[in-house]
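Here is the structure we will look at.
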Amino acid sequence: MTRLLDLLEINRGLFTKMEALALQQEKSLEDERGKSFLELQSQRERLRNEVDRNTVKFQTMGKNHPDDLKNPRVYILSQEITKIIHSIQKIDKEMETRISEKKDSLFVRIKEHRHGQRALKGYGGHPSKKAKYISRMG
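In the numbering used here, the protein residues as written are 345 to 482.
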């Protein structure tokens, strides 16, 4: 039983770290620090992989000892983990919206830049052809 609770405790700690990283990512997105954002994302990915490994162990242990799953502490920890996951999902959704807005803004700026380049080319002089000497003598 203790091993099952230990895995849940570990996962709760990992999800708490993921939530903190998500908040840091949100801050780096606001500050437009792309490199920091990507580094935090890779840290979150490593934590997610560890959570996945622990979840597989938990499921295996739960199948082998189904009575252990009836412990009220298991339910409480599961509820806490669920709340943290919902918080992370909310943060991720907000970041997704901001990224989409920034992407759209960038596309508009690129389009305006291209339009400006075409206009400048229209005002520029056309290159003249090289003069050729044509001999009119015999």
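Glycine included, each C-beta is placed from N, C-alpha and C at the ideal position.
Unbroken alpha helix (DSSP H) run spanning residue i, endpoints
i      : result
Lys379 : Gly378 to Asn408
Whole-angstrom C-beta distance between residue j and residue i, which should lie under 8 angstroms
i      : j      : result
Leu351 : Val418 : Not confirmed; about 10 angstroms, so no contact.
Ile432 : Glu363 : 5 angstroms
Leu384 : Leu358 : Their Cβ separation, rounded to whole angstroms, is 15 angstroms, which puts Leu384 and Leu358 out of contact at 8 angstroms.
Ser380 : Ser386 : With a Cβ gap of about 11 angstroms, Ser380 and Ser386 do not count as contacting.
Three-way DSSP call (helix, strand, coil) for residue i in this model
i      : result
Asn415 : coil
Ser479 : coil
Lys437 : helix
Lys474 : coil
Asp375 : coil
Residue i at chain D interface by Cβ criterion, 8 angstroms
i      : result
Gln369 : Structure shown: chain D not included; a single protein chain is present.
Proximity test, residue i beta-carbon vs the ligand FMN heavy atom, cut-off 7 angstroms
i      : result
Arg377 : Among the components modelled here there is no ligand, and therefore nothing to report on the ligand FMN.
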